[in-house]
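Asker: Residue numbers (full-length UniProt numbering): 1 to 781. Below are the structure tokens for one structure; questions will follow.
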Amino acid sequence: MLHRRHLHALHLCLSAILILIVSGKSTDAQIRFDKNLLRNDDAWFQSDVARAVADNVIQYQSPQGGWPKSTNLARPPRAPDDIPRPGDGRANSLDNDATTVPMQFLARMAHETGDIRYRDSFLKGVDYLLAAQYPGGGWPQFWPLRKGYYSHITFNDGAMIRVMHLLRDVADGEAPYGFVDGMRRRKAAEAVRLGIECILKCQVVVDGVPTVWCAQHDVKTLAPTQARSYEHPSLSGSESAGVLIFLMSVSDPTPEMMRAVQAGVEWFDSVKIEGYRYNKSQTGLALTKDQQAAALWARFYEIKSNRPIFSDRDGVIRYDIQEIGGERRGGYSWYGDWGQKVAQKYSQWPHHEGVKKQLRSRSRRIPEHSGASSHRYRAIVSTDIGGTDPDDFQSMVHLLVYSDLLDLEGLVSSPYGEGRMKDILDVIDCYEQDYECLSSYSDKYPNPDILRAITKQGEIERAPYAGVRRPTEGSRWIIDCAHRDDSRPLCLLVWGGLEDVAQALNDAPGILPKLRVYWIGGPNKKWSPDAYQYIVDHHPTLWMIESNATYRGWFTGGDQSGVWGNERFVSEHIKGIGALGTFFVRQKADIKMGDTPSVGWLLNGRLEDPSRPGWGGRYVRAWKRPNLKLNRLPKESDRIEVFGILELVIPAGDAPPDAKATLIVENQRLIGHLADDRTMRFRFCPKAAKQYSFQLESNVASLDGLRGAITACAPEPSVAARPDTRLPNWWTDDLTPSLAEGPHSGAKTVSRWRESYLSDFAGRILRCQRPATVNAAEVTP
Numbered sequence: 001m002l003h004r005r006h007l008h009a010l011h012l013c014l015s016a017i018l019i020l021i022v023s024g025k026s027t028d029a030q031i032r033f034d035k036n037l038l039r040n041d042d043a044w045f046q047s048d049v050a051r052a053v054a055d056n057v058i059q060y061q062s063p064q065g066g067w068p069k070s071t072n073l074a075r076p077p078r079a080p081d082d083i084p085r086p087g088d089g090r091a092n093s094l095d096n097d098a099t100t101v102p103m104q105f106l107a108r109m110a111h112e113t114g115d116i117r118y119r120d121s122f123l124k125g126v127d128y129l130l131a132a133q134y135p136g137g138g139w140p141q142f143w144p145l146r147k148g149y150y151s152h153i154t155f156n157d158g159a160m161i162r163v164m165h166l167l168r169d170v171a172d173g174e175a176p177y178g179f180v181d182g183m184r185r186r187k188a189a190e191a192v193r194l195g196i197e198c199i200l201k202c203q204v205v206v207d208g209v210p211t212v213w214c215a216q217h218d219v220k221t222l223a224p225t226q227a228r229s230y231e232h233p234s235l236s237g238s239e240s241a242g243v244l245i246f247l248m249s250v251s252d253p254t255p256e257m258m259r260a261v262q263a264g265v266e267w268f269d270s271v272k273i274e275g276y277r278y279n280k281s282q283t284g285l286a287l288t289k290d291q292q293a294a295a296l297w298a299r300f301y302e303i304k305s306n307r308p309i310f311s312d313r314d315g316v317i318r319y320d321i322q323e324i325g326g327e328r329r330g331g332y333s334w335y336g337d338w339g340q341k342v343a344q345k346y347s348q349w350p351h352h353e354g355v356k357k358q359l360r361s362r363s364r365r366i367p368e369h370s371g372a373s374s375h376r377y378r379a380i381v382s383t384d385i386g387g388t389d390p391d392d393f394q395s396m397v398h399l400l401v402y403s404d405l406l407d408l409e410g411l412v413s414s415p416y417g418e419g420r421m422k423d424i425l426d427v428i429d430c431y432e433q434d435y436e437c438l439s440s441y442s443d444k445y446p447n448p449d450i451l452r453a454i455t456k457q458g459e460i461e462r463a464p465y466a467g468v469r470r471p472t473e474g475s476r477w478i479i480d481c482a483h484r485d486d487s488r489p490l491c492l493l494v495w496g497g498l499e500d501v502a503q504a505l506n507d508a509p510g511i512l513p514k515l516r517v518y519w520i521g522g523p524n525k526k527w528s529p530d531a532y533q534y535i536v537d538h539h540p541t542l543w544m545i546e547s548n549a550t551y552r553g554w555f556t557g558g559d560q561s562g563v564w565g566n567e568r569f570v571s572e573h574i575k576g577i578g579a580l581g582t583f584f585v586r587q588k589a590d591i592k593m594g595d596t597p598s599v600g601w602l603l604n605g606r607l608e609d610p611s612r613p614g615w616g617g618r619y620v621r622a623w624k625r626p627n628l629k630l631n632r633l634p635k636e637s638d639r640i641e642v643f644g645i646l647e648l649v650i651p652a653g654d655a656p657p658d659a660k661a662t663l664i665v666e667n668q669r670l671i672g673h674l675a676d677d678r679t680m681r682f683r684f685c686p687k688a689a690k691q692y693s694f695q696l697e698s699n700v701a702s703l704d705g706l707r708g709a710i711t712a713c714a715p716e717p718s719v720a721a722r723p724d725t726r727l728p729n730w731w732t733d734d735l736t737p738s739l740a741e742g743p744h745s746g747a748k749t750v751s752r753w754r755e756s757y758l759s760d761f762a763g764r765i766l767r768c769q770r771p772a773t774v775n776a777a778e779v780t781p
């Protein structure tokens with residue numbers, strides 16, 4: 001045990017060392033700059049030690065924005081030559097964690113300290129990565145370019161994949177990258193999209209069968225190509241694993257991505273080596289027999305034969321690792337467990353169950369893939385389109401522009417009062433005028449006549465007190481679609497009342513497990529309280545997103561400066577763009593599209609996990625749905641939650657069989673239901689936090705002229721911590737105060753994506769005006 005005097009001396013010694021570190025005099029003796037630094041907690045990144053390291057890191061950044069490889073950035077430069085000069089190719093590299101790890105480190109520093117020097121250095125790095133990307137989507141190992149293999153598209157050692165992981169995080173805007181401006185985030189997202197296109201184009205096809213990737217590809221032909229003398233054009237067991245794991249991390253993969261993953265996983269399973277243990281050694285045997293050893297994969301496989309290949313620095317291909325010299329045999333990783341990591345990720349990949357060809361099949365021929373039947377979301381839209389409200393018209397335009405990405409199975413017209421199928425058909429007529437241009441981009445755009453055939457008439461009156469009335473063409477169509485032999489769930493995007501959904505569940509309750517409902521509630525709940533309460537009472541296990549306020553983020557809040565303003569965006573990016581763009585503006589000269597977040601949920605979100613961020617917003621498990629029952633008209637002192645259901649059960653005494661009563665609340669006239677127990681019943685849903693006044697009109701003297709009032713209040717955020725176990729699949733607005741746009745709870749979980757979804761929509765609607773052309777820069781970088 002140390003004496004107190006010795007402990008004091010030790011403390012002084014450690015303090016002196018810390019002072020040296022902070023002063024920069026011996027940082028390199030204490031800290032090695034590598035990705036392990038990123039494992040430190042937030043408190044460490046606020047420390048003087050971290051600042052000292054960060055101050056050194058930014059000194060090594062080149063004028064172009066990159067960092068050198070194989071350099072301890074934690075120590076201060078000791079001589080001018082320690083920092084590569086502007087024209088030195090060493091100054092900018094993506095190899096061996098160069099550039100990406102310094103950027104991740106500086107992002108943490110900027111996030112934790114707010115120091116603009118670290119922020120600006122990171123942003124300069126983002127600009128560097130964007131500038132370094134080839135037009136075809138790939139990244140070289142060094143940029144500005146150096147002669148030789150350094151200019152190839154470089155998957156080697158994970159260079160390109162690390163860049164894509166980082167830029168995707170930047171595009172998502174989550175901590176610690178929240179300080180990145182919207183323009184850079186959009187450019188990062190586009191860079192990732194181009195990078196994925198490049199990956200898909202580079203996948204090596206052998207005899208018609210997609211396999212995996214080489215460690216580097218030619219920038220012009222995209223063919224596998226040579227790097228160092230012992231790194232031949234081949235199929236890479238190491239680098240391909242990183243590529244596949246990245247593709248499987250994409251939240252909403254396209255059918256092309258899923259086909260690429262399936263082919264790659266099958267290839268890995270077909271070339272695994274079992275019964276051997278690998279020993280990286282210059283002198284001993286590299287492979288020894290061991291039936292208990294885990295499976296291995298070779299670093300390089302010959303493209304035609306799938307035989308592992310090896311080389312010395314002389315470049316001669318060998319098929320036995322023992323035939324190369326000890327220097328390369330022990331100085332390079334020729335085998336690894338890379339395929340095991342792929343298999344583990346694949347087992348957790350939510351899309352692998354839907355792929356027809358099973359991993360153990362040995363035919364090696366990839367079956368013809370039908371993305372439309374296996375991986376595209378099935379959707380029926382129920383809309384109260386019609387009348388003077390422009391939001392459904394605008395949302396219908398947006399839906400049709402993106403209809404190549406969905407399997408649209410129904411368009412149901414379900415308005416109250418004005419509006420019928422004709423309003424949907426009018427939008428389809430505009431779509432038909434733009435169809436030739438749209439279909440030049442994708443053969444998945446539905447034919448206008450097919451859209452007309454799936455347009456159905458739904459309920460045109462609000463539900464009675466019972467919640468259901470009679471089947472409609474729309475409710476029967478929902479049932480028919482749900483009964484189809486298709487393993488995918490059926491997504492119901494409800495832009496109006498729930499009458500047709502309630503009727504379908506009443507008539508065919510067995511369809512419930514198949515349905516995923518995203519309901520734009522709010523004002524629609526005000527007009528549909530009886531159908532809503534029917535579903536809550538009789539079908540509580542329905543999978544439902546009840547978006548009462550979150551959806552407003554599509555047109556409320558977010559960055560509305562400059563081109564992102566509601567009116568200016570429409571004026572500059574929608575007006576006059578094809579027949580659909582003209583129709584959009586004719587409805588309203590600015591953005592409403594209040595129903596579009598339901599489509600955004602399918603375009604950029606997690607179908608089964610609404611708690612994850614996406615264009616459709618982020619939601620929490622629903623607490624007990626507020627329902628206040630009174631046997632009298634309410635008083636001002638009565639309280640109800642906004643978007644709750646007020647149920648009035650008022651004794652009607654000796655009311656005659658033809659008794660009628662109407663509850664008048666602002667612009668609503670709610671028709672009463674005379675129950676068998678001689679009570680007059682009404683349901684009402686308040687859509688705002690305020691006081692509501694009521695008056696009864698009735699041919700029953702004891703009811704006529706009665707008045708009342710009630711106060712609607714916003715729910716306390718704490719109620720969301722108690723989800724209702726009776727509603728296990730019900731989701732609703734997040735009440736966290738910081739996520740509200742004014743009184744609209746959760747709206748920031750949509751408005752935060754404003755620039756992203758609007759810029760994407762602006763690019764999409766251009767398809768209505770000009771047909772697709774081949775982009776030579778993408779085909780031949």
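For glycine and all other residues, C-beta sits at the position ideal for the given N, C-alpha and C.
Cys713 by DSSP, collapsed to three states: which one?
Answerer: The residue given as residue 713 occupies position 713 in the sequence shown. Cys713 falls in the strand class under three-state DSSP.
Asker: Roughly how many angstroms lie between the CA atoms of Glu190 and Asn447, to the nearest whole one?
Answerer: The sequence position of residue 190 within the sequence shown is 190, counting from 1. The sequence position of residue 447 within the sequence shown is 447, counting from 1. Approximately 29 Å between the Cα atoms of the pair.
Asker: Would you kindly check if the distance between the Cβ of Leu542 and the Cβ of Lys514 is under 7 Å?
Answerer: Residue numbering aside, residue 514 sits at position 514 when the sequence shown is read from its first letter. Residue numbering aside, residue 542 sits at position 542 when the sequence shown is read from its first letter. For Lys514 and Leu542, no; Cβs fall outside 7 Å.
Asker: Using the Cα positions of Asp507 and Pro540, report the straight-line distance between them to the nearest angstrom.
Answerer: Here residue 507 refers to the residue found at position 507 of the sequence shown. Here residue 540 refers to the residue found at position 540 of the sequence shown. Their backbone Cα atoms lie some 16 Å apart in a straight line.
Asker: Kindly give me the distance between the Cβ atoms of Pro529 and Ile645, rounded to whole angstroms, as I take these residues to be in contact under 8 Å.
Answerer: As a working mapping, residue 529 is identified with position 529 in the sequence shown. As a working mapping, residue 645 is identified with position 645 in the sequence shown. The Cβ separation is near 5 Å, so the contact holds.
Asker: Using 7 Å as the threshold, is the C-beta distance between Asn627 and Gly614 below it?
Answerer: For the purposes of this step, residue 627 is taken as residue 627 along the sequence shown, with counting starting at 1. For the purposes of this step, residue 614 is taken as residue 614 along the sequence shown, with counting starting at 1. The answer is no: Cβ separation not under 7 Å.
Asker: In angstroms, rounded to a whole number, what distance separates the CA positions of Gln30 and Pro77?
Answerer: Here the question's residue 30 lines up with position 30 in the sequence shown. Here the question's residue 77 lines up with position 77 in the sequence shown. Going from the Cα of Gln30 to the Cα of Pro77 covers about 15 Å.
Asker: Would you mind working out which of Asp500, Asp486, Asp485 sits nearest Leu492, comparing C-alpha positions?
Answerer: Working through the sequence shown from its first residue, we reach residue 492 at position 492. Checked all of Asp500, Asp486, Asp485; the closest Cα to Leu492 is Asp500.
Asker: So, is Thr596 buried or exposed, given that buried needs 16 or more other C-beta atoms within 10 angstroms?
Answerer: Indexing the sequence shown from 1 puts residue 596 at position 596. Burial call: buried.
Asker: Could you tell me which of Arg277, Ala740, Arg420 sits nearest to Leu285, measuring between CA atoms?
Answerer: For the purposes of this step, residue 285 is taken as residue 285 along the sequence shown, with counting starting at 1. The candidate whose alpha carbon is nearest that of Leu285 is Arg277.
Asker: Given a cut-off of 7 Å on the beta-carbon distance, is the pair Arg412 and Gly474 in contact?
Answerer: Working through the sequence shown from its first residue, we reach residue 412 at position 412. Working through the sequence shown from its first residue, we reach residue 474 at position 474. Note that residue 412 is Val in the sequence shown here, rather than Arg. Cβ atoms of Val412 and Gly474: closer than 7 Å.
Asker: Helix, strand or coil for Arg476, going by three-state DSSP, please let me know.
Answerer: Against the sequence shown, residue 476 aligns to sequence position 476. In this structure, Arg476 counts as helix in the three-state DSSP scheme.
Asker: To test your reading of the DSSP string, which unbroken beta strand (DSSP E) runs of 3 or more residues are found completely within the segment 533–610?
Answerer: Runs of the beta strand (DSSP E) inside the segment 533–610: 544–547.
Asker: Whose CA, out of Ala132, Val585, Arg586, Arg186, lies closest to the CA of Gly763?
Answerer: Along the sequence shown, read from residue 1 onward, the residue named residue 763 stands at position 763. Ranking Ala132, Val585, Arg586, Arg186 by Cα distance to Gly763 puts Arg186 first.
Asker: May I have the straight-line CA-CA distance separating Gly158 from Ser281, to the nearest angstrom?
Answerer: Residue 158 sits at position 158 when you count from the first residue of the sequence shown. Residue 281 sits at position 281 when you count from the first residue of the sequence shown. One C-alpha to the other measures close to 24 Å.
Asker: Any idea what DSSP makes of Ile765, helix, strand or coil?
Answerer: Along the sequence shown, one-based indexing puts residue 765 at 765. In the structure shown, Ile765 sits in a helix (DSSP, three-state: H, G or I).
Asker: According to the neighbour-count rule (16 or more other Cβ atoms, all chains shown, within 10 Å of its Cβ), is Arg365 buried or exposed?
Answerer: As a position in the sequence shown, residue 365 is number 365, starting the count at 1. Bear in mind that a pLDDT of 29 at Arg365, under 50, signals an unreliable position, so the model cannot answer this.
Asker: Using DSSP bridges, identify the partner residues of Phe300.
Answerer: Residue 300 sits at position 300 when you count from the first residue of the sequence shown. In DSSP, Phe300 forms a bridge with Ser236.
Asker: Give the DSSP bridge partners of Gly336, in chain order.
Answerer: For the purposes of this step, residue 336 is taken as residue 336 along the sequence shown, with counting starting at 1. Trp297, per the DSSP bridge assignment.
Asker: Taking the runs of the alpha helix (DSSP H) that are 4 residues or longer, which of them lie wholly in the segment 395–473?
Answerer: Fully enclosed alpha helix (DSSP H) runs of 4 or longer: 421–439, 448–453.
Asker: If you draw a straight line from the alpha carbon of Ala295 to that of Lys345, how long is it in whole angstroms?
Answerer: Here residue 295 refers to the residue found at position 295 when the sequence shown is read from its first residue. Here residue 345 refers to the residue found at position 345 when the sequence shown is read from its first residue. Straight-line Cα distance between these residues: approximately 16 Å.
Asker: Taking only beta-carbon positions, decide if Asn667 is within less than 7 Å of chain C.
Answerer: Given the protein chain composition of this structure (a single chain), no chain C is represented.
Asker: Please classify Gly632: does DSSP put it in a helix, a strand, or coil?
Answerer: For the purposes of this step, residue 632 is taken as residue 632 along the sequence shown, with counting starting at 1. It is worth fixing the name first, because residue 632 is Arg in this sequence and not Gly. It is coil, neither helix nor strand.
Asker: With a Cβ-Cβ cutoff of 7 Å, do residue 783 and Gly410 count as a contact?
Answerer: Coverage of the chain is limited to positions 1 through 781, which leaves residue 783 absent and any answer about it impossible.
Asker: Does DSSP put Val750 in a helix, in a strand, or in coil?
Answerer: Along the sequence shown, one-based indexing puts residue 750 at 750. Val750: helix per DSSP, three-state reduction.
Asker: From Gly467 to Ala502, what does the alpha carbon distance come to, in whole angstroms?
Answerer: The residue labelled residue 467 in the question sits at position 467 within the sequence shown. The residue labelled residue 502 in the question sits at position 502 within the sequence shown. Cα to Cα, Gly467 sits roughly 7 Å from Ala502.
Asker: Quick one: Cα of Val22 to Cα of Met109, how far?
Answerer: As a first step, residue 22 is located in the sequence shown; it is residue number 22 there, counting from the start. As a first step, residue 109 is located in the sequence shown; it is residue number 109 there, counting from the start. Any answer about Val22 is weak, because its pLDDT of 41 lies below 50 and its placement is not dependable; what the coordinates show is given next. Near 15 Å, if we compare the C-alpha coordinates of Met109 and Val22.
Asker: Nearest CA to the CA of Pro255: which residue from His217, Ile460, His352, Asp115?
Answerer: Counted from its first residue, the sequence shown places residue 255 at position 255. Minimum Cα distance to Pro255 is reached at His352.
Asker: Counting pairs of Cβ atoms below 8 Å between the segment 45–52 and the segment 94–114, do you hit three or more?
Answerer: Touching, per the Cβ criterion.
Asker: Using the DSSP secondary-structure output, state which residues sit across from Asp733 in a beta bridge.
Answerer: On the sequence shown, residue 733 is found 733 positions in, with the first residue counted as 1. Its beta-bridge partners are Tyr619.
Asker: To the nearest angstrom, how far is it from the Cα of Gln695 to the Cα of Arg625?
Answerer: For the purposes of this step, residue 695 is taken as the residue at position 695 of the sequence shown. For the purposes of this step, residue 625 is taken as the residue at position 625 of the sequence shown. Their backbone Cα atoms lie some 26 Å apart in a straight line.
Asker: By how many angstroms is the C-alpha of Asn40 removed from the C-alpha of Leu766?
Answerer: On the sequence shown, position 766 is the one that residue 766 refers to. On the sequence shown, position 40 is the one that residue 40 refers to. Approximately 46 Å between the Cα atoms of the pair.
Asker: If we count the other Cβ atoms within 10 Å of its Cβ and call it buried at 16 or more, is Val212 buried or exposed?
Answerer: As a working mapping, residue 212 is identified with position 212 in the sequence shown. Per the 10 Å Cβ criterion, buried.
Asker: Give me the Cβ distance between Asp734 and Arg552, rounded to the nearest whole Å; I'm assuming they're in contact under 8 Å.
Answerer: Here residue 734 refers to the residue found at position 734 when the sequence shown is read from its first residue. Here residue 552 refers to the residue found at position 552 when the sequence shown is read from its first residue. So it is not a contact: roughly 13 Å between Cβ atoms.
Asker: Counting only runs of 3+ residues fully inside the segment 628–688, write out the beta strand (DSSP E) ranges in chain order.
Answerer: With a minimum length of 3 residues, the continuous beta strand (DSSP E) runs that stay inside the segment 628–688 are 639–641, 645–651, 661–665, 668–671, 679–684.
Asker: DSSP three-state label for Arg770, please.
Answerer: Here residue 770 corresponds to residue number 770 of the sequence shown, with the count starting at 1. Arg770 falls in the coil class under three-state DSSP.
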